[in-house]
Amino acid sequence: MDSPQYRVFVCTKKRPPNAPEGCCCNAGALDIYQTFQDEIQKRQLHTRVSVRRSGCLDNCEAGAVALVYQPKRLGFSWLPTKIQVKLRRLLFPNRHAYGHLTRADVGAIVESHFVKGQPLKRCQIS
Ligand code: FES
Numbered sequence: 047m048d049s050p051q052y053r054v055f056v057c058t059k060k061r062p063p064n065a066p067e068g069c070c071c072n073a074g075a076l077d078i079y080q081t082f083q084d085e086i087q088k089r090q091l092h093t094r095v096s097v098r099r100s101g102c103l104d105n106c107e108a109g110a111v112a113l114v115y116q117p118k119r120l121g122f123s124w125l126p127t128k129i130q131v132k133l134r135r136l137l138f139p140n141r142h143a144y145g146h147l148t149r150a151d152v153g154a155i156v157e158s159h160f161v162k163g164q165p166l167k168r169c170q171i172s
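Position 49 of the sequence shown, counted from 1, bears residue number 95 in our numbering, the numbering being contiguous throughout.
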């Protein structure tokens with residue numbers, strides 16, 4: 047079986063409610079994770095998109111946070127490897143972080159990012 051075109055990592059890190067840095071779990075991350083799973087199943091994208099829970103993604107203040115990673119990129123096989131890597135990063139950024147997510151955002155992200163191939167700017171964080 048081919049690897050998925052997109053991998054979604056939803057931070058579900060849990061910290062105590064009074065932890066100063068907060069955590070995505072307290073911001074509804076488990077609901078976000080389940081909503082991603084449901085949307086992917088509903089749209090039958092499960093062969094192209096895998097959704098997993100993850101630990102902290104270092105954007106705790108923006109919880110709930112999800113990271114979309116696109117493992118396969120177009121190649122520049124005729125170029126030296128170092129230049130291929132730099133060109134891919136420059137021309138085809140393959141990581142997009144989404145933050146302050148609500149369940150209502152998930153359907154829009156799935157439609158825009160995984161169906162149309164355009165990351166949803168309004169939910170992106172740096
Ligand atoms: S707890 Fe989710 S990004 Fe840190």
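Built from N, CA and C at the ideal position, the CB exists for glycine as well.
All values reported here derive from a predicted model rather than from experimental measurement.
Cutoff 6 Å; reference residue i; Cβ partners in own chain excluding five residues on either side
i: Val111; result: Cys57, Cys70, Leu103, Asn105 and Gly145
Closer than 7 Å: residue i CB and nearest the ligand FES heavy atom
i: Leu125; result: no
i: Asp151; result: no
i: Asn64; result: no
i: Val111; result: yes
i: Leu103; result: yes
i: Cys69; result: yes
i: Cys57; result: yes
i: Cys106; result: yes
Cβ neighbours of residue i in the same chain (closer than 8 Å, five flanking residues each side left out)
i: Arg94; result: Pro50, Gln51, Tyr52 and Phe160
Spatial neighbours of residue i in its chain, beta-carbon cut-off 7 Å, leaving aside the 5 residues before and after
i: Gln234; result: Missing from the structure shown is residue 234; the chain here goes from 47 to 172 and no further.
Should the region 84-91 be called in touch with the region 125-132, which here means at least 3 C-beta pairs below 8 Å? No contact exists between the region 84-91 and the region 125-132.
In chain order, which continuous runs of the beta strand (DSSP E) of length 3 or greater are located wholly inside the region 85-148? Fully enclosed beta strand (DSSP E) runs of 3 or longer: 95-100, 112-115 and 141-144.
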